[in-house]
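Written below as structure tokens is the structure these notes are about.
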Amino acid sequence: MNIKHILWDWNGTLINDTSLCVKILNNFLTIRSKSSISVNFYRNNFYFPVSGFYKSIGLPHEGKEFNLLSKMFISNYKDLWKQCSLQPHAEKVLRKINDLNLKQSILSAGHQNDVASFVSELGLNKYFYSVNGTNNIQAQGKVGTALKLTSKLNLQPQEILLVGDTLHDSQVGDYIGCPTLLFSKGHNSPSTLATSKRKIIDDLMQLMDFVQH
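The sequence shown runs 181 to 393 under this note's numbering.
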């Protein structure tokens, strides 16, 4: 691969927040007298659009109730996200890629302002050419954000590498037409990711095998 720019997903790929997301969802389920879910269940079944996954576990998935739940999720997440750590070797890999003079950007389904704030608070801005999120709190529009970003990079699709942790990231890679690596320790399980037929890595350090010439 002659990679010149790496697009990083944020949630689950660089930051280890799967357990926190399940904790917040279980609070919503408990309030509604619904059965809680395990991290394993979540990782095997989570998918985009988020509204569809909410429906599958018995949570509001449309209209005002879904919008309110989305606001509550983001509010709870903002209160608790500092409990999360970066994924193992995340900053080491960012630094190594930076040392290779390759550009890196964040591509997230999270709200632009929120993702930019998280990245800044962790002191990671120095590694990124740009931080790109969506304009909503329902985790919608990642494909559009990706296409808008890649149109500005002036690169061929094969010169871009997308690194994510869900089947949705694989789909985004399809829209861009770029190589995609899926990280197995995030929001989707290895068995779920395997259905994409993409390359799967279990340690972010394995990314270096794909960018070093």
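We put the beta carbon where it would ideally sit given N, CA and C, even for glycine.
Asked: Cβ shell of Lys283 (< 6 Å), same chain only, five flanking positions each side left out; Found: His185, Tyr309
Asked: Range of the contiguous alpha helix (DSSP H) that encloses Lys322; Found: 322–333
Asked: Inter-residue CB distance, Gly404 and Thr314 (contact presumed, cutoff 8 Å); Found: The question about residue 404 has no answer here: the residues shown for the chain are numbered 181 through 393.
Asked: Three CB pairs or more closer than 8 Å across the segment 254–272 and the segment 190–202; Found: yes
Asked: For Ile186, the residue or residues it bridges with in DSSP; Found: Gln284, Leu341
Asked: Delimiting residues of the beta strand (DSSP E) encompassing Leu361; Found: 360–363
Asked: Where His291 falls: helix, strand or coil (DSSP); Found: strand
Asked: Opposing strand residues paired with Ile175 [DSSP bridges]; Found: The chain is shown only over 181 to 393; residue 175 falls outside these bounds and no answer can be derived.
Asked: Ranges of the alpha helix (DSSP H) found wholly within the segment 220–286, counting only runs of at least 4; Found: 230–236, 243–260, 270–279
Asked: Nearest candidate by alpha-carbon position, reference Arg212, set Asp349, Arg223, Pro240; Found: Pro240
Asked: The segment 336–350 touching the segment 367–380, judged by at least three CB pairs closer than 8 Å; Found: yes
Asked: For Ser216, three-class secondary structure by DSSP; Found: coil
Asked: Closest by C-alpha distance to Phe233, when choosing among His367, Ile381, Gly324; Found: His367
Asked: Status (buried if at least 16 other CB within 10 Å, exposed otherwise) for Ser288; Found: buried
Asked: For Ser199, three-class secondary structure by DSSP; Found: helix
Asked: Closer than 8 Å to chain B by CB, Asn247; Found: Given the protein chain composition of this structure (a single chain), no chain B is represented.
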